[in-house]
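**Student:**
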């Protein structure tokens, strides 16, 4: 059986990585038109042939999108002679050797707990267009890959998850692209970067027509640039990552560490920095899911040890909370857990207005001469790049409930110690 396409050099590299059995999760990410989908589907057809009775799932965000894009690609490359049946109700392709391939819509809007994934027995998953898929779905796929045991054979296929994507600021960047650049990619992960020039079969007139695209679209989909952020109404529109973010910021041991807290239930967050001699340094972020203020304080003390802290943050933390033991307020707990005095707290009586803090944050980002953020603060940097405002000017928290909380910590930090940078009326 021959899969009906001839792989180019980059696609061959991806195939070799998959068949090496060295990796569990492999991502082919970058520009459009590089042949990511074709090669991934072709590998699944090949694995279905090699392992009779195997089960493979292709995941995309919705069934209409699967029908419009992925399924036609599959039908182009898979030999019809290998297909026994195609159940278009359940979207299951059954091959002549008993293997199956299922086109499976994520449907996150209708099923936020992803309960449809529970009980799936699969040998592997292909996550198509990972920039449209939830990180929770990736975790579910990791949980379900390898659950199908083919009866009667000694050597089972290695559980694998393939991912295709275009550049975005979601989990694909954090899990694969950034660790690959930093040399910290997990041993069981593989990442291959795609550009449109990888594919020699694209017609010349098609490539010439791409010159008319806007710069953001061209950067993402033609050049595969992961550093481009396309946001309609950014809260911190003046933030410049190249100017502000550096690796390996050092603590000045002679200066206090400023802790700025946001007391959202999940995640609970804090940024740690220093402010002295006209310098602003954001050194560390803390972001704990499904946790509490006690655990957060423990993390902070473990990281910094017995240093001199100054505390600021969300003014609502001064109120008693049912979320804490004994309904104490958050700052009382911080005082006790970190063994602080009252003089180490600089907490405002009310939070700064969204409008004023936005003006201040952008003024600092654009005009402060010595403002730096350590590159380890991934979630804060993502907030500064991607958090948007609503039409009324408020922070848009509706798109992702887990975002914007490090931005809030940053706003409180800047407002407490640098609100004199801008004269407000």
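In my numbering, the protein residues as written are 17 to 441.
No residue lacks a Cβ here, since even glycine has one placed at the ideal position from N, Cα and C.
Fair warning: this is a prediction, and the values are worked out from it, not measured in the lab.
1. Ends of the alpha helix (DSSP H) at residue 196?
2. Distance, Cα to Cα, residue 78 vs residue 121?
3. If contact is defined by three or more beta carbon pairs under 8 Å, each pair taking one atom from either stretch, is the stretch 93-109 in contact with the stretch 147-166?
4. Can you list, in chain order, the stretches of the alpha helix (DSSP H) that have 4 or more residues and sit fully within the stretch 337-407?
5. Determine the burial state of residue 262: buried for a count of at least 16 other Cβ atoms within 10 Å of its Cβ, exposed for fewer.
6. Between the Cα of residue 385 and those of 210, 186 and 296, spot the shortest distance and give me the residue it belongs to.
7. What's the call for residue 256, buried or exposed, on a 16-neighbour Cβ count within 10 Å?
8. How big is the Cα-Cα spacing for residue 214 and residue 223?
9. Got a sec? Which residues, its chain only, sit under 7 Å from residue 382 by beta carbon, not counting five neighbours each side?
10. Below 9 Å between beta carbons: does that hold for residue 4 and residue 46?
11. Please list, in chain order, all residues of the same chain as residue 346 whose beta carbon is under 6 Å from its beta carbon, the five residues on each side excluded.
12. Under a three-way DSSP split, which group does residue 147 fall into?
13. Would you check if the stretch 72-90 and the stretch 37-52 touch, i.e. whether three or more CB-CB distances between them fall below 8 Å?
14. How long is the line joining the alpha carbons of residue 131 and residue 264, rounded to whole angstroms?
15. Select from 301, 331, 351 and 302 the residue whose C-alpha is nearest the C-alpha of residue 324.
16. If you compare alpha carbons, which of 260, 331, 299 and 251 is closest to residue 271?
17. Candidates 22, 165 and 97: which alpha carbon is nearest residue 72's?
18. Considering Cα atoms alone, identify which of 402, 109 and 44 is closest to residue 206.
19. Where does residue 333 sit, in a helix, a strand or coil, going by DSSP?
20. Helix, strand or coil for residue 205, going by three-state DSSP, please let me know.
21. Could you tell me which residues DSSP puts in a beta bridge with residue 171?
22. Kindly indicate which three-state DSSP category residue 211 falls into: helix, strand or coil?
23. Would DSSP call residue 96 helix, strand or coil?
24. Any chance the stretch 399-411 sits against the stretch 421-435, with 3 or more Cβ pairs inside 8 Å?
25. Which residues mark the beginning and the end of the beta strand (DSSP E) in which residue 271 is found?
26. CA-CA distance, residue 95 and residue 229?
27. Rounded to a whole number of angstroms, what is the C-alpha to C-alpha distance between residue 338 and residue 363?
28. Using only the alpha-carbon positions, how far apart do residue 40 and residue 368 sit?
29. State yes or no: is the C-beta of residue 67 within less than 9 Å of the C-beta of residue 197?
30. I'd like to know if the stretch 137-149 and the stretch 167-183 are in contact, where contact means that at least 3 CB-CB pairs between them fall below 8 Å.
31. Enumerated in chain order, which unbroken segments of the alpha helix (DSSP H) with a length of 4 residues or greater are wholly contained in the stretch 103-157?
32. Whole-angstrom Cβ separation of residue 400 and residue 252, contact assumed at under 8 Å?
33. At what residue ranges does the stretch 35-89 contain a whole run of the alpha helix (DSSP H), taking only runs of 4 or more?
34. Roughly how many angstroms lie between the CA atoms of residue 328 and residue 359, to the nearest whole one?
35. Does DSSP put residue 31 in a helix, in a strand, or in coil?
36. Taking C-beta to C-beta, are residue 326 and residue 273 nearer than 9 Å?
**Tutor:** Per the coordinate set shown:
1. Run containing residue 196: 194-198, per the alpha helix (DSSP H) assignment.
2. For residue 78 and residue 121, the distance between alpha carbons rounds to 5 Å.
3. The stretch 147-166 vs the stretch 93-109: no contact.
4. Whole alpha helix (DSSP H) segments, 4+ residues: 346-353, 370-383 and 394-402.
5. Residue 262 is exposed by the Cβ-count criterion.
6. When only C-alpha atoms are compared, the closest one is 296.
7. Note on residue 256: under 16 other CB atoms within 10 angstroms of its CB, so exposed under the neighbour-count rule.
8. Whole-angstrom Cα-Cα distance: 12 Å.
9. Once the five neighbours on either side are set aside, the close Cβ partners of residue 382 are 254.
10. Past the edges of the chain, shown from 17 to 441, lies residue 4, and the structure says nothing about it.
11. 279, 309 and 333, listed in sequence order.
12. Residue state, collapsed to three classes: helix.
13. By the C-beta criterion, the stretch 37-52 is judged not to be in contact with the stretch 72-90, since fewer than 3 inter-stretch pairs fall below 8 Å.
14. A straight line joining the alpha-carbon of residue 131 with that of residue 264 spans about 42 Å.
15. The residue from 301, 331, 351 and 302 with its alpha-carbon nearest to that of residue 324 is 351.
16. Among 260, 331, 299 and 251, the Cα nearest to that of residue 271 belongs to 299.
17. Nearest of 22, 165 and 97 to residue 72, Cα basis: 165.
18. Residue 44 is the option with its Cα nearest to residue 206.
19. In this structure, residue 333 counts as helix in the three-state DSSP scheme.
20. Residue 205 falls in the strand class under three-state DSSP.
21. Per DSSP, residue 171 has no beta-bridge partner at all.
22. Note: residue 211 maps to coil in three-state DSSP.
23. Here residue 96 sits in helix by DSSP.
24. Yes, the stretch 399-411 touches the stretch 421-435.
25. That residue, residue 271, is in no beta strand (DSSP E); it is neither H nor E in DSSP.
26. The straight-line gap from Cα to Cα measures roughly 36 Å.
27. Note that residue 338 has pLDDT 39, beneath the 50 cutoff, so the model's placement of it is unreliable and the number below is only indicative. Distance between the alpha carbons of residue 338 and residue 363 is about 20 Å.
28. Whole-angstrom Cα-Cα distance: 47 Å.
29. No Cβ-Cβ contact shorter than 9 Å links residue 67 with residue 197.
30. Judged by Cβ distances under 8 Å, the stretch 137-149 makes contact with the stretch 167-183, as three or more pairs qualify.
31. Within the stretch 103-157, no complete alpha helix (DSSP H) run reaches 4 residues.
32. That pair is a contact at about 5 Å.
33. Whole alpha helix (DSSP H) segments, 4+ residues: 52-66.
34. For residue 328 and residue 359, the distance between alpha carbons rounds to 11 Å.
35. In the three-state DSSP reduction, residue 31 falls in the helix class (H, G or I).
36. The Cβ-Cβ distance between residue 326 and residue 273 falls below 9 Å.
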